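Written below as structure tokens is the structure these notes are about.
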Amino acid sequence: MTGALGIYNYWIYVVLMMIGLYGVIAKPNLIKQAIALGLFQTGIFLYYISMAVVDGGTAPVWTTILDGAQKYEGPYDNPLPHVLILTAIVVSVSVLAVALALIINIKRAYGTIEYDEIEAMDQADKRADYLRGQVTDAADDVEHKQEGHHHA
Numbered sequence: 001m002t003g004a005l006g007i008y009n010y011w012i013y014v015v016l017m018m019i020g021l022y023g024v025i026a027k028p029n030l031i032k033q034a035i036a037l038g039l040f041q042t043g044i045f046l047y048y049i050s051m052a053v054v055d056g057g058t059a060p061v062w063t064t065i066l067d068g069a070q071k072y073e074g075p076y077d078n079p080l081p082h083v084l085i086l087t088a089i090v091v092s093v094s095v096l097a098v099a100l101a102l103i104i105n106i107k108r109a110y111g112t113i114e115y116d117e118i119e120a121m122d123q124a125d126k127r128a129d130y131l132r133g134q135v136t137d138a139a140d141d142v143e144h145k146q147e148g149h150h151h152a
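At position 2 of the sequence shown (counting the first as 1) the number is 2 in the UniProt record's numbering, and the numbers step up by one without a gap.
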């Protein structure tokens, strides 16, 4: 099959990547962002595996013929992207597990997993610290160090 329908797996990877990208950018919920990141990564995996496929290719294994000799029958699909993607899948699952552990700790600390609410709480804390005069910046730190050296 030729044309746009003949490369349906490329369309699927584009759709998966765009759904994942939208979810990471547009959703304030941290769990939804983590799941969207997983969808984005799945699209990338599908893309690399699709690139490894050769028309008429088979699995890269030797075949044994009747007299016991091994015979090379090509063309073969490229096995390297499959191996790399297998490793990337393991890393992806690990990243998702760490992200979910961090989200649990964020929920314990802030009482929410909505990014905009967390940002509002942080801004309110910074403003309260500033109004109490407890906020110092790098220039204040340098000034205090210089005052300490002049008095010595």
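Note that beta-carbon positions come from the ideal geometry of N, C-alpha and C, so glycine has one too.
These numbers were taken from a predicted model, which means no experiment stands behind them.
Pick from the options that is closest to residue i, judged by C-alpha positions
| i | options | result |
| --- | --- | --- |
| Ala36 | Ala52, Met18, Val61 | Met18 |
| Tyr115 | Val14, Lys32, Trp11 | Lys32 |
| Gly74 | Gly23, Thr58, Arg108, Leu100 | Thr58 |
| Val53 | Val90, Ile104, Ile7 | Ile7 |
Residue i: first and last residue of the uninterrupted alpha helix (DSSP H) it sits in
| i | result |
| --- | --- |
| Lys32 | 30-52 |
| Lys107 | 80-110 |
| residue 154 | Nothing about residue 154 can be read from this structure; the chain reaches only from 1 to 152. |
| Val61 | Run containing Val61: none; DSSP gives neither H nor E here. |
| Gly20 | 8-26 |
With 16 other Cβ atoms within 10 Å as the buried cut-off, status of residue i
| i | result |
| --- | --- |
| Gly133 | exposed |
| Gly43 | buried |
| Gln123 | exposed |
| Leu102 | exposed |
| Leu131 | exposed |
| Ala128 | exposed |
Close Cβ partners of residue i (< 8 Å) along its chain, the five nearest in sequence each way excluded
| i | result |
| --- | --- |
| Leu16 | Leu39, Phe40, Thr42, Gly43, Leu46 |
| Val24 | Gln33, Ala36, Leu37, Phe40 |
6 Å CB neighbourhood of residue i in its chain, flanking five on each side removed
| i | result |
| --- | --- |
| Ile85 | Phe45, Tyr48, Ile49 |
Residues of its chain near residue i, where Cβ-Cβ distance is below 7 Å and the 5 sequence neighbours each way are ignored
| i | result |
| --- | --- |
| Asn9 | Leu46, Ser50 |
> Would you call the stretch 74-86 and the stretch 38-53 in contact, with 3 or more CB pairs under 8 Å?
Replying inline: Three or more Cβ pairs closer than 8 Å define a contact, and the stretch 74-86 meets that threshold against the stretch 38-53.
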